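Participant: Numbering (the working numbering), first residue to last: 173 to 381. C-beta atoms are modelled at their ideal positions from N, C-alpha and C, and glycine is treated no differently. Computed from a predicted structure; not experimentally measured. Have a look at the structure that comes next, please.
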């Protein structure tokens with residue numbers, strides 16, 4: 173997963189693939205990467221996430237940062253590592269997941285909402301903290317307030333972020349932003365990669381400004 177201009181190096185957009193039938197995973201990833209997205213997260217509740225993770229790691233190598241999301245236990249960390257992922261993401265903070273991720277050499281992105289949770293996650297060794305659900309917590313304004321005293325923490329807000337307001341989160345101090353359905357839309361279910369490419373290109377262009 174990226175860290176905007178510093179440790180992560182994969183760019184500021186993380187595409188989150190969740191749901192669908194699993195039939196179009198490869199086409200969706202190919203389209204996203206072709207549009208300039210350099211970090212892709214496949215969640216464990218997406219059909220064929222294992223096949224999609226392994227395929228992405230093989231096809232793009234170090235050119236794309238591939239991760240596994242909705243990781244709920246240390247065993248799923250092992251799965252991610254064995255498939256070639258470079259990072260794992262959780263909606264919650266579980267030190268056991270972080271410990272296993274460190275053992276397997278994977279970046280760990282635990283979910284957190286409050287300043288207390290964010291600092292705890294950082295001190296436990298998170299590469300960056302997934303602030304979730306970002307929009308419902310207050311969006312860029314919330315992030316700006318939290319990071320005023322916590323500017324040493326790298327955060328990746330996720331949840332309810334749209335293509336048109338993604339750049340606002342970077343301006344508020346985020347190192348990257350995670351987008352799911354506002355970016356991917358129904359492409360995982362329908363295979364509509366034309367509209368997907370248009371959205372992805374718009375996102376990448378907006379974040380580059």
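Around the C-beta of residue 336, are 16 or more other C-beta atoms found within 10 angstroms, so that it is buried, or is it exposed?
Facilitator: When all chains shown are included, residue 336 counts as exposed.
Participant: Measure the C-alpha to C-alpha separation of residue 258 and residue 288 and round it to an integer number of angstroms.
Facilitator: Their Cα atoms are separated by approximately 27 angstroms.
Participant: From residue 139 to residue 267, what does the alpha carbon distance come to, in whole angstroms?
Facilitator: Nothing about residue 139 can be read from this structure; the chain reaches only from 173 to 381.
Participant: What's the call for residue 377, buried or exposed, on a 16-neighbour Cβ count within 10 Å?
Facilitator: Exposed, because fewer than 16 other Cβ atoms sit within 10 Å of the Cβ of residue 377.
Participant: Taking just the CA atoms, how far does residue 306 sit from residue 183?
Facilitator: Taking the straight line from one Cα to the other gives about 19 angstroms.
Participant: At the level of alpha carbons, what is the spacing between residue 228 and residue 236?
Facilitator: When rounded, the distance between both Cα atoms is 8 angstroms.
Participant: With a CB to CB cut of under 8 angstroms and the five nearest residues on each side skipped, what residues in its chain are close to residue 222?
Facilitator: Around residue 222: 251, 255.
Participant: Touch check for the stretch 310-328 and the stretch 354-365: three-plus C-beta pairs under 8 angstroms?
Facilitator: Cβ pair count under 8 angstroms is below three, so no.
Participant: Rounded C-beta distance between residue 302 and residue 328? I'm assuming under 8 angstroms.
Facilitator: Sure, about 5 angstroms apart at Cβ, within 8 angstroms.
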